[in-house]
Each structure stands twice: as C-alpha cells, then as structure tokens.
Amino acid sequence: MFKIAKEFSFDMAHMLDGHDGKCQNLHGHTYTLQVEIGGELRTSGAKSGMVMDYSDLKAIVKTHILDKMDHAFIYDSTSERECQVANLLNSLNSKTFAIPTRTTAEQMAKYIFDTLCDVGLPVSLIRLWETPTSYCEYSR
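In this text, residue positions in the sequence shown follow the working numbering: the first is 23, and each later residue adds one.
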C-alpha cells in the first residue's frame with residue numbers, strides 16, 4: 023500500500039468551555055492540517071501510477087473542511103456557553119461552525135478524519151498542528 027499526504031493551513035477561533043486554563047477564553051490559532059491517504063496505485067487512465075491526484079485531494083479537503091472551518095469560530099454544539107457566543111457572532115454576520123464535541127486538537131483531528139472518511143476518502147492519518155510546536159495525530 024502507498025500513502026500520500028497533503029498539508030493545508032487555516033485560521034480559526036475557539037474556546038474551551040470549562041477548561042482550567044487560559045484556553046477557556048475566546049482565542050485563535052493558525053492550524054496546519056496534514057491529510058494522509060492510503061491505497062494502491064491506479065493501473066490505467068490519466069491518473070495511472072497515482073494513489074490519487076493531489077489536486078483531487080485538495081478539492082475534497084477544501085470543500086468538506088477548509089471552506090467550513092477557515093476563519094470561523096468553531097464551537098462545541100453541546101456547550102451552552104459556546105452556543106451563546108456563536109449566536110452572538112451569527113447575529114453580527116460572522117462565520118461560525120459547530121461540531122458536536124469540544125474543540126481540542128484531539129477532537130478536531132478525529133472530526134476531520136471521520137468527515138473525510140464519510141465522503142469516501144481513504145484517510146489513514148490526520149495530523150493537526152495547533153501551534154508550530156504542538157500537534158495531534160489521529161488514525162484507526
């Protein structure tokens with residue numbers, strides 16, 4: 023099996039309701055996302071010799087992840103406090119995006135992995151850097 027990967031960058035704001043440190047406050051990060059997929063090489067056609075064309079991978083990640091998360095307030099839809107912040111931002115025509123869990127790097131990596139798998143991408147690993155020196159990996 024071959025594996026290929028593509029990196030992306032996006033900016034977002036979040037907060038961790040109930041956290042015992044400064045991340046309980048609204049703040050932002052520039053994330054680096056690495057999406058790794060696995061598979062066998064195509065044996066015929068225009069994409070022969072490839073697992074997947076990198077431009078196809080880019081288009082899928084853009085549509086299902088980046089277009090929704092980039093420059094948005096990402097919030098936990100199960101947190102009353104975070105929903106209140108999102109409602110205020112929505113009333114001001116600001117971009118928000120809800121996920122059904124805390125917006126830690128770990129939970130976001132799993133959310134991204136599951137979302138991309140659900141649209142048929144053969145994801146083998148998600149690596150999400152929250153800062154230039156801190157990242158999380160998720161795979162099954």
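Glycine residues also receive a C-beta, built at the ideal position from the N, C-alpha and C atoms.
- In the displayed model, residue 156 falls within a strand according to three-state DSSP.
- By DSSP's assignment, residue 34 forms a beta bridge with 51 and 94.
- Looking at the DSSP output, residue 148 bridges to 57 and 160.
- Looking from the CA of residue 115, the closest CA among 124, 122 and 94 belongs to 94.
- Measuring C-alpha to C-alpha distances from residue 140 to each of 43, 68 and 83 identifies 83 as the nearest.
- Counting every other CB atom within 10 Å of its CB across the protein chains shown gives residue 160 a total of 16 or more, marking it as buried.
- Cβ neighbours of residue 24 within its own chain (closer than 8 angstroms, five residues either side excluded): 60, 61, 62, 63 and 73.
- The alpha carbon of residue 147 has as its nearest neighbour, out of 69, 136, 49 and 156, the alpha carbon of 136.
- DSSP, reduced to helix, strand and coil, places residue 137 within a helical segment of the structure shown.
- When DSSP states are grouped into helix, strand and coil, residue 125 belongs to the coil group.
- Here residue 25 carries a strand assignment [DSSP, helix/strand/coil].
- With contacts defined by Cβ atoms closer than 9 angstroms, residue 150 and residue 55 form a contacting pair.
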